[in-house]
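Chemist: A single structure is presented below for examination.
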Amino acid sequence: MSQRFSLNVDGKSHNVDVDPDMPLLYALRNDVGLNNPHFGCGLAQCGACTVHLDGQPIRSCIMPVSAVGNGRIVTLAGLGTPDKPHPLQTTYVEEQVPQCGYCINGWIMTAAALLKEKPHPSDAEIREGLSGLKCRCGTHMAILRAVKRAARSA
């Protein structure tokens, strides 16, 4: 049975009528109309669905809408603006990271949380912070360079 939820997504309020157990990912894509985050595995194992909930990265494919409460959701689209992109968005372009681009959402959102917590992480801390994310195109080295470059620019 559907219930009405008010979701704060990228600073805007969105009312959705959904099943309380429905994954947040589906509400963001189908009801709010976002084209990111992406559905990857549906098991919280790849990271393509990552968003921030009150500043913490979460896997939206397993987070029920009812568990969001009054939390503030930030997606890749809300991380920066075209006029003032997040440093990671800039360095991804500079390092030419994207191949297919499907996984970028998870990598950038996870790295953004890491850099907020540790503005100047070591290589080992970056690798540990990004563990569990998957990229089938094999751009891992370019991703690491982009995160390191973003940390230097902060």
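To convert, take the position in the sequence shown, counting from 1, and add 8; that gives the working numbering. Think of the CB as a built atom: it goes at the ideal place given N, C-alpha and C, for glycine as much as any other residue. Keep in mind the model is a prediction, meaning the values are calculated, not measured.
Which class does Q97 belong to by DSSP, given the choice of helix, strand or coil?
Modeler: Correct three-state label for Q97: helix.
Chemist: Specify, as a first and last residue, the run of the alpha helix (DSSP H) that V24 falls within.
Modeler: Careful: V24 lies outside any alpha helix (DSSP H), inside the beta strand (DSSP E) at 20-26.
Chemist: Since R12 and D25 should fall inside the 8 Å C-beta cutoff, what is the C-beta to C-beta distance between them, to a whole number of angstroms?
Modeler: Right, the Cβ-Cβ distance comes to about 5 Å (below 8 Å), so this counts as a contact.
Chemist: Roughly how many whole angstroms lie between the Cα atoms of M149 and T58?
Modeler: Near 20 Å, if we compare the C-alpha coordinates of T58 and M149.
Chemist: Take the Cβ of N113 as the centre, count every other Cβ of all protein chains shown within 10 Å, and call the residue buried at 16 or more, exposed below.
Modeler: Result: buried.
Chemist: From V101 to G146, what distance separates their C-alpha atoms?
Modeler: Approximately 16 Å between the Cα atoms of the pair.
Chemist: Measuring only the C-alpha atoms, how far is A85 from A121?
Modeler: Roughly 15 Å between the two C-alpha positions.
Chemist: Please confirm if the region 70-78 is in contact with the region 129-145, defined as three or more CB-CB distances below 8 Å between the two stretches.
Modeler: They do not touch, by the three-pair rule.
Chemist: Buried or exposed, going by whether 16 or more other CB atoms sit within 10 Å of the CB of R135?
Modeler: Looking at its Cβ environment, which holds fewer than 16 other Cβ atoms inside 10 Å, R135 is exposed.
Chemist: Relative to the C-alpha of L42, which residue among T118, I116, G55, D18 is closest?
Modeler: With distances taken between Cα atoms, L42 lies closest to D18.
Chemist: According to the Cβ coordinates, are T118 and R153 closer than 9 Å?
Modeler: No.
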